[in-house]
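In this note's numbering, the protein residues as written are 33 to 172. Every residue gets a Cβ at the ideal spot worked out from N, C-alpha and C, and that includes glycine.
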Amino acid sequence: MSENGRFIDNSNGTITDTKMNVMWRKTDSFQDNKKWLNWFKGQDFVEIANLERISGYEDWRFPTEEEAWSLFDLEKINTDKYGDEIYLDPVFEPGSAGTTWTLEEKDSSALIIQYEDGQKVWPSKYANMNMAYRMVRKIS
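Pasting the structure below:
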């Protein structure tokens, strides 16, 4: 459990987020497959995860802006794949990409939340550079 009780480690590769009423994967796509993924490849990865019932579920998806942004917390320190500090609760596995794609789209761009600095950026959905995502699912 996280220090403030918001996150609960379910010991099956998932984290329950009691504030947002969702379940996160404990790792991001970079940690899972050691590759950067553009937005489209990320969609494929989610589809495969659902077919394989990762952690026993088949309703994984990209987070909304609100869900992804809620993870950015200046009081929580974790480390990214380079060993640099990011503002993500340490209940999540260290060594992540430090970013996540979201569901939000504008033309050929999609929103990314950066956990190293809290920036919200709109790269091309085809961008591959240092891009990853964290899967999430709604819980009842």
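Distance CB(residue i)-CB(residue j) smaller than 7 Å
i, j, result
"Ile-145", "Ala-81", "no"
"Arg-169", "Met-55", "yes"
"Thr-134", "Phe-104", "no"
"Phe-39", "Val-123", "yes"
"Glu-98", "Leu-143", "no"
Buried or exposed by the 16-neighbour rule on C-beta atoms within 10 Å, applied to residue i
i, result
"Tyr-165", "buried"
"Lys-108", "buried"
"Arg-57", "buried"
"Tyr-147", "buried"
"Asp-76", "exposed"
"Leu-83", "exposed"
"Met-167", "buried"
Residue from the options whose Cα sits closest to the Cα of residue i
i, options, result
"Glu-125", "Gly-37, Leu-143, Arg-38, Ile-47", "Ile-47"
"Gly-150", "Ser-102, Met-167, Ala-142", "Ser-102"
"Met-176", "Asp-139, Lys-113, Ser-172", "Nothing can be reported for residue 176, as the shown portion of the chain is limited to 33 through 172."
Count Cβ pairs between the region 126-137 and the region 111-118 that sit closer than 8 Å; are there 3 or more?
yes
4 or more residues per run - each alpha helix (DSSP H) lying fully within the region 65-107:
71-83, 97-102
Is it true that the region 153-167 meets the region 66-73, where meeting means three or more beta-carbon pairs spaced less than 8 Å apart?
yes
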